[in-house]
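The next block holds one structure in the form of structure tokens; read it before the comments.
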Amino acid sequence: MRGRPEPISPTVLHHAAAVIKCLGHPLRLRLLEAMERGEHTVSELQALSGAGQATVSEQLGVLRGHGVVAARRDGAFVYYRITEPKVCRILACIRECDVAPAGRTI
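At the far end of the sequence shown sits residue 109, using my numbering, and the numbering has no gaps.
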């Protein structure tokens with residue numbers, strides 16, 4: 004039998020809550036899903052998500068402001084990548100937990 008897990012520190016809980024709150028937007032999740040496979044420019048993310056350039060840039064700004072993604076400039080292009088380690092695990096959890104049983108749609 005397993006013992007009771009150690010309580011999570013208030014600092015860790017505060018950071019996790021901020022990340023989870025930041026991820027609470029479908030387009031942000033779609034952008035992060037694209038970035039799981041590596042860096043992307045705004046134009047690439049726009050094409051992958053179907054959203055407009057201004058909307059993608061705005062959402063990337065939110066993600067960047069919360070430390071979830073980082074950007075690097077290479078000439079005229081800015082490449083975005085995931086920097087928050089929790090993101091890939093959260094996306095994996097979404098994939099695993101939101102699979103509908105056979106014959107049922109979500």
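Positions of the beta carbon are idealized from the N, C-alpha and C atoms, including for glycine.
Contact set for residue i: own chain, Cβ-Cβ below 7 angstroms, skip 5 residues either direction
i          : result
alanine 21 : His69
Endpoints, the alpha helix (DSSP H) within which residue i is located
i             : result
isoleucine 97 : 89–100
isoleucine 23 : 13–25
arginine 5    : That residue, arginine 5, is in no alpha helix (DSSP H); it is neither H nor E in DSSP.
C-alpha gap between residue i and residue j, whole angstroms
i             : j            : result
serine 46     : glutamine 56 : 7 angstroms
leucine 30    : leucine 51   : 11 angstroms
aspartate 101 : valine 81    : 33 angstroms
arginine 98   : aspartate 77 : 33 angstroms
Run of the beta strand (DSSP E) containing residue i, from where it starts to where it stops
i          : result
alanine 79 : Here alanine 79 belongs to no beta strand (DSSP E), and DSSP marks it neither H nor E.
Residue from the options with nearest C-alpha to residue i
i            : options                       : result
leucine 26   : Gly78, Ser12, Glu87 and Glu99 : Glu87
histidine 18 : Arg84, Lys89 and Arg40        : Lys89
alanine 79   : Pro10, Thr44 and Val59        : Thr44
alanine 95   : Thr58, Val59, Glu39 and Gly53 : Glu39
alanine 73   : Arg92, Gly41 and Gly53        : Gly41
Close Cβ partners of residue i (< 6 angstroms) along its chain, the five nearest in sequence each way excluded
i             : result
arginine 75   : Tyr82
isoleucine 11 : none
Pairs of beta-carbons, one from the stretch 60–80 and one from the stretch 29–42, closer than 8 angstroms: are there three or more?
Under the 8 angstroms Cβ criterion, the stretch 60–80 counts as touching the stretch 29–42, having at least three qualifying pairs.
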